[in-house]
Amino acid sequence: AASDLQTALPALVARFEQATGIRVRVTYGSSGNFSAQIQNGAPFDVFLSADVDYPRQLVAARHADAASLYEYATGRMVLWTRKDSGIDVTRGLAVLGDARVRRLAIANPVHAPYGRAAVAALERAGLFDAAKPKLVLGENISQTAQLVDSGNAQAGIIALSLALGPALRASGTYLEIPADAHPPIRQAAVVLSASKNRDAATRFLAYLRSAEAQATLRRFGFAPAR
Amino acid sequence: MSATVEIRRRLSDAFALDVAFTAPPGLTVLFGRSGSGKTTILRSIAGLVRPDAGRIQVGGRTFFDAGAGTDVPVQRRGVGYVFQQLALFPHLSVRANIEYGLQALPAAERLARVDAMAASFHIAPLLERRPDRISGGERQRAALARALVTEPSILLLDEPLSALDHAIQSQIMADLRRWHERHRIPVLYVTHSHREAYALAERVIVVEQGRVAATGSSHEVLDHPAERALASLAGFENVFDAAILERQERAGTMRCRLEGTRTELEVPLTQQRVGDRISLAVRAGDILLAAQEPQGISARNVLRGRLVDTAPQGPAVVATIDAGARFTVHLTPGGADAVRLRAGADLWLIIKTYSCRVLAR
Amino acid sequence: MSATVEIRRRLSDAFALDVAFTAPPGLTVLFGRSGSGKTTILRSIAGLVRPDAGRIQVGGRTFFDAGAGTDVPVQRRGVGYVFQQLALFPHLSVRANIEYGLQALPAAERLARVDAMAASFHIAPLLERRPDRISGGERQRAALARALVTEPSILLLDEPLSALDHAIQSQIMADLRRWHERHRIPVLYVTHSHREAYALAERVIVVEQGRVAATGSSHEVLDHPAERALASLAGFENVFDAAILERQERAGTMRCRLEGTRTELEVPLTQQRVGDRISLAVRAGDILLAAQEPQGISARNVLRGRLVDTAPQGPAVVATIDAGARFTVHLTPGGADAVRLRAGADLWLIIKTYSCRVLAR
Amino acid sequence: MDWEAIWLTARLAALVSAILLVISLPLAHWLVFSRRRWTFLVEAVVSLPLVLPPTVLGFYLLLAMGSRSPVGRWWTSLTGQSLAFTFEGLVIASVFYSLPFAVQPIAAAFAQVNHTLGEASATLGASRLRTFLRVTLPLSMHGVVAGAVLSFAHTVGEFGVVLMVGGNLPGVTRTISIAIYDDVQALRYERANETALALLAFSLLVLLAVYGARRRSWALAPTA
Amino acid sequence: MDWEAIWLTARLAALVSAILLVISLPLAHWLVFSRRRWTFLVEAVVSLPLVLPPTVLGFYLLLAMGSRSPVGRWWTSLTGQSLAFTFEGLVIASVFYSLPFAVQPIAAAFAQVNHTLGEASATLGASRLRTFLRVTLPLSMHGVVAGAVLSFAHTVGEFGVVLMVGGNLPGVTRTISIAIYDDVQALRYERANETALALLAFSLLVLLAVYGARRRSWALAPTA
Ligand SMILES: Nc1ncnc2c1ncn2[C@@H]1O[C@H](COP(=O)(O)OP(=O)(O)OP(=O)(O)O)[C@@H](O)[C@H]1O
Ligand SMILES: Nc1ncnc2c1ncn2[C@@H]1O[C@H](COP(=O)(O)OP(=O)(O)OP(=O)(O)O)[C@@H](O)[C@H]1O
Ligand SMILES: [Mg+2]
Ligand SMILES: [Mg+2]
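Protein chains in written order, with this note's numbering: chain W, 117 to 342; chain U, 6 to 366; chain P, 6 to 366; chain L, 160 to 383; chain S, 160 to 383.
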């Protein structure tokens, strides 16, 4: 599963296991890695990606069931900073002009969906060129958060789900970046062709569609899929 | 069970080995100056140096034959080798070092053999020590024991007694003697010590600049050196050019005159003929001095001379005497006192016939 | 410029060093059996072994003083040390080895000194080789050159000539002699060879089991060994227990009787008194044999005896003769022929007074 | 504490170090003692896995093990299952990756052993193997220990390759380093710290045991 | 081809190896020759960075460099900027991480040098430094080369730590291993392959040069 699900997924899985008695084991990581591994026979059943491109590619390469492809949520992005940085994020992306913001952390736009979205948001705000010398890139969205949380970057664009998580909630403040400021971060799931537990996998995806699951996702900082 | 060695090997631009000899069972001393190639000969036999050409046979087995392409690997040659640098295994106890070549034997016999060897080399109390915790001489004994205990088919000893005092040397020489009488294998023994050569050798091979300069019994080679250079190497302080005046076949002697002098000496009979030019060698220790002309003695050569110079050498005295030719004579202090050495004094030199060695020129 | 050494050091349960001596400028030979502690003494002076207690002073400088807590580090002691195992640097050429201790000198002088040393040690053609490409004796010469070239304040030589033939040994001994006449520093020279001890030593220190057993001139120590054990070590084949019968002060001699026999010998006068029990030591080579009772000779001791046994030792002959006590006599083959050795034959032993050494018991 | 991961890691590291020793000892011996001209080429090739980022090396290994590669297909036809995402696959990948850490120090140590001792051993009738086991190897212990420690520790800490080839399957391929990584990723710092501390303590114990033992038993043996 | 990354990596690896040599030679010397009882403890601690997954080590370094740590604050007050995301920070982190790869083989080699040679050097008046430079070091060349090669290659291939403290800044902290990783992540396999191949070729050349040179100049020196 994509790393940004780390806060939400345990709650979902617990409910699902309770309801069905099916045990679910979750592995988090980068969607790109998973995609490569799945193409080489990784014994996973369900792939919850942070975007829709990887699942689509898998479907095209016949590693996943086209029918099962489901967009389970849309990621929400925030501008985050530590409370002790003294930076007022309520000013929105404009704080990038603040001299105290020497470094802005975003996920690597080359392969992380949140990174692409962050770049798009900066571009739309006309701030990208100003921000560019200040950018540092995290490998994924969690690492991006660490760059800020450790005090090495003064602000970062991360997933709302992380900002709401127990680790960051206490230490930082954030401002959500409006959903229309960047292309949507569409997160999709598929059942893998090689799955040996296809039935259980299908049931898990079905559970994700349920109102209960969608409510849980919302609580953890995801928007519903459009 | 004898060893035949016929090898050539170029080591550097300046040095090439080219030797051929046979070592019968028993002890053969390799004798020669530093750098003459003795170690290289042993290494070739052991298989550690590969000759460029030639043949090595030991007890009927061919170790090496350049023509036939034979080259038995070191570990299957079954040689016993005491290295000049000893090469004890630093991480093993003296016991484990000695035991090293016995892996094929049952443990009990191994133990017995090692203990016996250690006793005869006087290192029994050191068996559990590492080589860096024993003295230089103790190391040398350990290396000897390690090579002998394997009962090899040929024994190669590179100056095995050089770090030992005379008392232990004598004991070990006796041990070695007994050992090789029992085993009757060829033993090649490198030394530069006359004492060891005399005490041990049945045969001597003299190596000079990578070649065999002489072979024979130690008596023949060291006492009757074939070449002048060898004579001085073998410890003959007096070497003179001479010519044969007369052969006295009945007495087994010849009369010779030292070149450039009127001095005559009676020497043992050889094959040479009257008029032949030879060299004569006499050890300084074999010459007697008398303060008065000696009477009624059996020695045939009594030369009148004059003391030129004396020099102490430790307690001994080295006298130089002019008796036509210059003679070097070694004296004990007692002897020096007896003849009351004074520069310029008249003296008589007494030289036994058999003290004179005849060398071809 | 002399060296004072007073040290104690425990090496193992079985061995402890406890010596005190002074080495004046000039050559002092350390003489002693294998394992007696000679190397340990040198290592202590060099600073490679730290004594448990005592003091080491060289030329007025205190190298070590356990009481005062002084312990000058090795590199500031300025000793020249030739190791028993040589310890040449394997990765450096012979030249670089010799040059090693001269880093403070300008390059030109370094070159000159190294070339001079190499010439006098006959290794000039090998200067560019690595130590593993030269022979054992050549390595020994390189190690000597390396230590001498630094002109140290004390020279420690651990068997520096053991791998060399007599010809080169003599040359190097002469070089060493000249060298230390020029430098007048203490030279401690470990050897087990009488020949080297006699040729070189002004003084000899005999080490036995970690202690100084005797000190004195080589003449005093080696020819008049104070102890019986030392006598056999120093090469006296005949050692007898005896008692003093009479002191002849005028002649400078004493009459003694060998214990358990009726055999009497006239020996040099010593401090001991009539009735004192002594040991007498005679070298086998100092005894003359005659087939008939000799007439009109100056030697005072003529003993009648009977041949028990002869054994060849190389070209020499070792005869055992019973003349009340058993005497060992070394003969040259010529000498053996002259007295026509036959078992049981009557023989006369001729022993000069000054050939007899008196040892305290 | 993730005991499953700890146990898995200990097994993996021990197995990999053992295999690496078995491979490296003869390989290093060959590299040092062979008279062939091109040994240094092999030496360079052996060191190559080092320069690739582990994740990338892992990616290539993944490709090699996958169904698109002949090797992968051959293995699958043999065992009925892909090498990737199994413990065996992890072992093979780790061996590959840590090979230079074992080979290099061991080869360096072998090269430093006084070769006269090998000659002495041969004259005493010892086969090459015996000479190796009784002379070369014990006199190279410092280097061998260095090689073993480096490869053990490196396998414990290994991460990129394991992540890629192993797929992070609990009990099968989720090693402790991956477990800590996961915790850090999930911003569960406290748990990560705990596990890291435990890992450090465990490793410290292992290392102390190794170095302590070495000091006692063979540090005193000099090498001439 | 990402020349900027290649150049950066070459600079980083060279600098890190050089620093590591400077640190490791005296450290290894101390570890081997000190008579103190607890050197083996230091030895174990030096090896510890190894067992942590690089990303985790990187994470801890990140914390140490950040404003939450006194060290980080001190550095920032000194230089006006955080160590993280700078070339210097990368160098420091890499030195930390690769230290054991340099120290271990070097220490092993030092321990194997015949100590009588050191004694001989001292009697010839050589200071400890001179003995070290002229005797111990040249006779340990095999081990020193092994240490240098391991740490160089390891720095080239290093990834986790760099990723963590580097921030992936082109020309500053985006090393070639990160560049390849990014390509693989983005499924740009072809470009990744190309860069990886170039990296391998470059590394092979460096290694061949090192091993080839060694063979010529000091392989022949034995050690007794
Ligand atoms: N490191 C050590 N530890 C314990 N005992 C030692 C050590 N080195 C030497 N010994 C012992 O101390 C004694 C004296 O050794 P040393 O090397 O001084 O003798 P040496 O007189 O030089 O003998 P050699 O003539 O054989 O070289 C020997 O009995 C030896 O076994
Ligand atoms: N590996 C080598 N390469 C080139 N030359 C060598 C090599 N080993 C020895 N030599 C030279 O070959 C000659 C013979 O050496 P060798 O060791 O056989 O002499 P040796 O008779 O044993 O002398 P020593 O009595 O001094 O030990 C010497 O001149 C030496 O310098
Ligand atoms: Mg030799
Ligand atoms: Mg000694």
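Glycine included, each C-beta is placed from N, C-alpha and C at the ideal position.
- With the criterion set as a beta carbon lying under 7 Å from some beta carbon of chain S, the members of the region 50-62 of chain P are Ala51, Leu53, in sequence order.
- The beta carbon of Ile339/S falls within 8 Å of a beta carbon belonging to chain L, placing the residue at that interface.
- It is roughly 35 Å from the alpha-carbon of Gly306/L to the alpha-carbon of Ser140/U.
- Around Gly225/L, the beta-carbon contacts reaching into chain W at under 8 Å are Gln155, Asn156, Gly157.
- The residues Leu270, Glu271, Ile356, in chain order, have a CB closer than 6 Å to that of Asn306/U in the same chain once the five nearest residues on each side in sequence are set aside.
- Nearest to Leu93/P by alpha-carbon distance, out of Gln145/P, Gly72/P, Ile61/P, is Gln145/P.
- Taking 7 Å as the cut-off, one finds no heavy atom of ligand 1 near enough to the beta carbon of Asp23/P.
- Under the three-pair Cβ rule at 8 Å, the region 204-219 of chain S counts as touching the region 345-364 of chain L.
- When beta bridges are read from the DSSP output, Glu251/U appears opposite Arg260/U.
- According to the DSSP assignment, Gly59/U belongs to the beta strand (DSSP E) that extends over 58-63.
- Sorting Gly72/U, Leu47/U, Asp57/U by C-alpha distance to the C-alpha of Val63/U places Leu47/U at the top.
- Judged by pairs of C-beta atoms under 8 Å, the region 233-241 of chain W does not touch the region 156-165 of chain W, as fewer than three such pairs exist.
- The C-beta distance from Val315/S to Val210/L rounds to 4 Å, short enough to fall under 8 Å.
- When rounded, the separation of the alpha-carbon atoms in Val154/U and Ala124/U is 12 Å.
- A straight-line Cα-Cα distance of about 13 Å links Arg66/U and Val79/U.
- Here Ile138/W carries a coil assignment [DSSP, helix/strand/coil].
- Nearest CB-CB separation between Glu202/L and chain S: below the 8 Å threshold.
- In this chain, the beta strand (DSSP E) harbouring Thr33/U covers 31-37.
- Contact between Val313/U and Ile326/U holds: CB atoms are separated by about 6 Å, below the 8 Å threshold.
- The beta carbon of Arg118/P lies closer than 7 Å to those of Leu107, Val154 in the same chain, with the five residues before and after it left out.
- Neighbourhood of Gln89/U in chain P, by CB distance below 8 Å: Gly141, Ala168, in chain order.
- Inter-residue distance for Ala112/U and Arg38/P is about 33 Å (C-alpha atoms, whole angstroms).
- Beta-bridge pairing by DSSP links Tyr194/P to Val34/P, Leu162/P.
- Here Gly74/P is exposed, its C-beta having fewer than 16 other C-beta atoms within 10 Å.
- Residues with their Cβ less than 5 Å from any non-hydrogen atom of ligand 2, running along the chain, are Leu16/U, Ser17/U, Phe20/U, Ser39/U, Gly40/U, Ser41/U, Gly42/U, Lys43/U, Thr44/U, Thr45/U, Arg138/P, Ile139/P, Ser140/P, Gly141/P, Gly142/P.
- Contact note: Gln262/W reaches chain S through Phe218, Leu221, using a C-beta cutoff of 7 Å and chain order.
- With a threshold of 8 Å between beta carbons, Ser151/W makes contact with chain S.
- With respect to Lys199/W, Gly288/W sits close: the two C-beta atoms are nearer than 8 Å.
- In this structure Leu185/W is in contact with Val175/W, their Cβ atoms being roughly 6 Å apart against a cut-off of 8 Å.
- For Gly330/L, no chain S residue has a C-beta closer than 9 Å to its own C-beta; the minimum C-beta separation is roughly 18 Å.
- Listed along chain W are Ala283, each with a C-beta nearer than 8 Å to that of Arg347/L.
- Counting along the chain, the unbroken beta strand (DSSP E) around Ile210/U starts and ends at 208-213.
- Between Ile173/U and Ala147/U, the C-beta spacing is not below 8 Å.
- The Cβ neighbour count for Pro329/S, taken over all protein chains shown within 10 Å, is under 16; the residue is labelled exposed.
- DSSP lists no bridge partner for Thr275/U.
- Rounded to whole angstroms, His188/U and Met178/U show a C-alpha spacing of 15 Å.
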